[in-house]
Structures are given as C-alpha cells and as structure tokens.
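Trainee: Before we start, here is the structure in question, set down as structure tokens.
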Amino acid sequence: MPPEATQHVVDRLDDDDYPAYTMGRAAEMIGATPSFLRALGDARLITPLRSEGGHRRYSRYQLRIAARARELVDSGTPVEAACRIVILEDQLEDALRLNEELRAGRGGRRADGSGSSGGSEGAEGPGES
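Residue numbers (the working numbering): 205 to 333.
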C-alpha cells in the first residue's frame with residue numbers, strides 16, 4: 205500500500221464521524237445488544253450509515269451517544285426519554301461551545317460594544333434619570 209493510502213486510512217480512523225464499527229462490534233464496545241442499537245435508530249437518536257452490503261456501521265461519535273443513552277436506560281429511564289435527554293445534552297454542549305467561540309472571537313467585547321474592563325461604571329441604569 206502506498207504511503208499516501210496508508211495515511212488516508214489512518215486519517216479516517218482518527219475521524220470521530222467515520223463509520224468504522226459493525227453493529228456487533230459497536231454493541232460489544234458499549235456493553236449493549238444489537239437490538240438496543242436498533243431501538244436507538246428507531247428513536248432517531250443515531251442513524252448508522254450502511255455498508256455496500258446494507259450492514260449498519262457506527263462511528264465513534266455515535267457510540268459515545270449510544271453509551272450515554274445506555275447509562276440512562278440502565279438507571280431506569282425509558283429509551284424514548286433517554287434519547288430526548290441525550291439530544292438535549294448534545295444541543296446544550298454545541299450551544300456552549302458556539303457561545304465560547306463567539307466570545308473568544310469578540311475579544312471580550314459585550315453586545316453593547318463596551319469592553320470587559322468595566323466601561324459602564326457610573327452609567328445610569330433603567331429608570332434612574
């Protein structure tokens with residue numbers, strides 16, 4: 205195998221979204237059954253990609269999501285509720301990351317244009333004229 209082809213394979217395996225795991229291996233990795241993974245697919249928490257032969261393939265990202273759902277189900281949460289919780293947790297994580305990126309890109313500036321060094325000291329608040 206040429207060196208560039210080997211590097212391409214390594215890059216894909218480092219990719220969290222690359223569907224590298226079969227259903228059986230994925231279920232084994234998270235300590236669940238294939239039917240549990242199918243239930244998560246039915247609930248639309250994760251949508252595995254399909255191989256050319258039609259077999260489900262899961263990425264590391266999907267396995268982290270499935271493992272979190274399994275934790276919730278193991279603690280007594282119904283599958284549908286666990287899926288909703290995981291979706292909301294994922295959305296919150298994305299929103300917090302985006303918020304942090306926006307704050308970092310703004311250089312500590314507030315929405316009103318003042319800096320973070322207390323530029324509003326001495327300003328009158330609402331209704332304080």
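Glycine included, C-beta positions come from ideal geometry on N, C-alpha and C. Quick caveat, the model's predicted, so the values are computed rather than measured.
For Ala273 and Val290, I'd like the C-alpha separation in whole angstroms.
Mentor: Numbered from 1 along the sequence shown, position 69 holds the residue referred to as residue 273. Numbered from 1 along the sequence shown, position 86 holds the residue referred to as residue 290. When rounded, the distance between both Cα atoms is 6 Å.
Trainee: Classify Arg260 as buried or exposed, calling it buried when 16 or more other Cβ atoms lie within 10 Å of its own Cβ.
Mentor: As a working note, residue 260 is residue 56 in the sequence shown. Classification of Arg260: buried, given that the 10 Å Cβ count is 16 or more.
Trainee: Is the beta carbon of Ala230 sitting closer than 8 Å to the one on Tyr262?
Mentor: The residue given as residue 230 occupies position 26 in the sequence shown. The residue given as residue 262 occupies position 58 in the sequence shown. Cβ distance < 8 Å, so Ala230 and Tyr262 count as in contact.
Trainee: To the nearest angstrom, how far is the alpha carbon of Ala271 from that of Gln295?
Mentor: Taking the sequence shown and counting its residues from 1, the one referred to as residue 271 is at position 67. Taking the sequence shown and counting its residues from 1, the one referred to as residue 295 is at position 91. Approximately 17 Å between the Cα atoms of the pair.
Trainee: If you draw a straight line from the C-alpha of Gly280 to the C-alpha of Ser255, how long is it?
Mentor: Counted from its first residue, the sequence shown places residue 280 at position 76. Counted from its first residue, the sequence shown places residue 255 at position 51. Going from the Cα of Gly280 to the Cα of Ser255 covers about 33 Å.
Trainee: When DSSP labels each residue in this structure, what does Arg248 get in the three-state scheme?
Mentor: In the sequence shown, counting from the first residue as 1, residue 248 sits at position 44. Reduced to three states, the DSSP call for Arg248 is coil.
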